[in-house]
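K.L.:
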Amino acid sequence: MKHYHFVLVHGAGHGAWSWYKLKHRLQSAGHHVTALDLAASGTNTKSIHDVHTFREYTEPLPELLASLGAHERAILVGHSLGGLNLALAAAWFDTFFTPIGKPDKPLTSMFFGPHFLSSKPYQLSPLEDLELGKILVRPGLLFLEDLSTSSNFTREGYGSTTRVYVVSKQDLGMPPEFQRWMIASGGAHHVVEVDGADHMAMLSKPQEICDCLLEIGAKYERA
Numbered sequence: 001m002k003h004y005h006f007v008l009v010h011g012a013g014h015g016a017w018s019w020y021k022l023k024h025r026l027q028s029a030g031h032h033v034t035a036l037d038l039a040a041s042g043t044n045t046k047s048i049h050d051v052h053t054f055r056e057y058t059e060p061l062p063e064l065l066a067s068l069g070a071h072e073r074a075i076l077v078g079h080s081l082g083g084l085n086l087a088l089a090a091a092w093f094d095t096f097f098t099p100i101g102k103p104d105k106p107l108t109s110m111f112f113g114p115h116f117l118s119s120k121p122y123q124l125s126p127l128e129d130l131e132l133g134k135i136l137v138r139p140g141l142l143f144l145e146d147l148s149t150s151s152n153f154t155r156e157g158y159g160s161t162t163r164v165y166v167v168s169k170q171d172l173g174m175p176p177e178f179q180r181w182m183i184a185s186g187g188a189h190h191v192v193e194v195d196g197a198d199h200m201a202m203l204s205k206p207q208e209i210c211d212c213l214l215e216i217g218a219k220y221e222r223a
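In full-length UniProt numbering, the protein residues as written are 1 to 223.
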């Protein structure tokens, strides 16, 4: 059986911890899995006040990719906002950025409250996962100001990658119609739908997501 390296990138306010169910399943199937904490997320020690741009927030991902062997391939999996981190990393590839200076404008931060967590992103997830989220979710940034003025996603970088979108059909945080707008805008090559999945699909439907990723890996494996 072909073994893959999956790199799992969390969404806003979350961390590597949110992948614990999926990571275990992929590893049990014999695959190498890296669940990453982005800047000021999960156990990453940076403060949210020290992260001013989407590039700074994303930096742990290209650093990880740069550490891979010259011929090592990885399947990048982004959840929610994490999909944009993948797009930016694909645009960078072998380019390294060093943050210089300070922003002229304040950034918009957000924090998911317990009522929002239970009624939107986690509405179909097991109770213990909701409680875990209530404990571990941190304030996050959507980088609206930064992304609205950036043009990072080039045909040579982002456009050269194979993109697959997994639709969570019961996602109340990003309803299916919004997801389909993202699919059309991002130019996905393939779309997979998972029924019964809320926004936190890796928690509400971990086995189904695991099966999806293994099928995607096999479908797009290079000869």
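Using N, Cα and C, we set each Cβ at its ideal position, and we do this for glycine too.
Note that the structure is a prediction, hence the values are computed from the model and not measured.
Assuming the contact rule is C-beta atoms closer than 8 angstroms, Ala197 and Ser168 should be a hit. Round their C-beta distance to whole Å, please.
P.N.:
4 angstroms
K.L.:
Count the C-beta pairs between the region 31-51 and the region 120-134 that are closer than 8 angstroms, then say yes if the count reaches three, no if not.
P.N.:
no
K.L.:
DSSP on Gly78, reduced to helix/strand/coil?
P.N.:
strand
K.L.:
Spatial neighbours of Leu64 within its chain, please: C-beta separation below 8 angstroms, excluding the five flanking residues on both sides.
P.N.:
Val7, Thr34 and Leu36
K.L.:
For Leu213, does the three-state DSSP call read helix, strand or coil?
P.N.:
helix
K.L.:
Can you name the start and end residues of the beta strand (DSSP E) that Leu124 belongs to?
P.N.:
It is not in any beta strand (DSSP E) - Leu124 carries neither H nor E in the DSSP assignment.
K.L.:
Can you name the residues that DSSP bridges to Tyr4?
P.N.:
None; Tyr4 has no bridge partner.
K.L.:
Kindly list the residues whose CB is nearer than 7 angstroms to the CB of Gly173, restricted to its own chain and excluding five residues on each side of it in sequence; keep chain order.
P.N.:
Lys120, Pro121 and His199
K.L.:
Taking the continuous alpha helix (DSSP H) assigned at Ala40, which residues delimit it?
P.N.:
Where Ala40 is concerned, there is no enclosing alpha helix (DSSP H), given that its DSSP letter is neither H nor E.
K.L.:
Does the Cβ of Ser18 have 16 or more other Cβ atoms within 10 Å, making it buried, or fewer, making it exposed?
P.N.:
buried
K.L.:
Which residue from Ala218, Leu127 and Met182 puts its Cα closest to that of His79?
P.N.:
Met182
K.L.:
Between which two residues does the beta strand (DSSP E) carrying His190 extend?
P.N.:
His190 to Val194
K.L.:
Bridge partners of Thr45, per DSSP?
P.N.:
Paired residue(s): none; Thr45 is not in a bridge.
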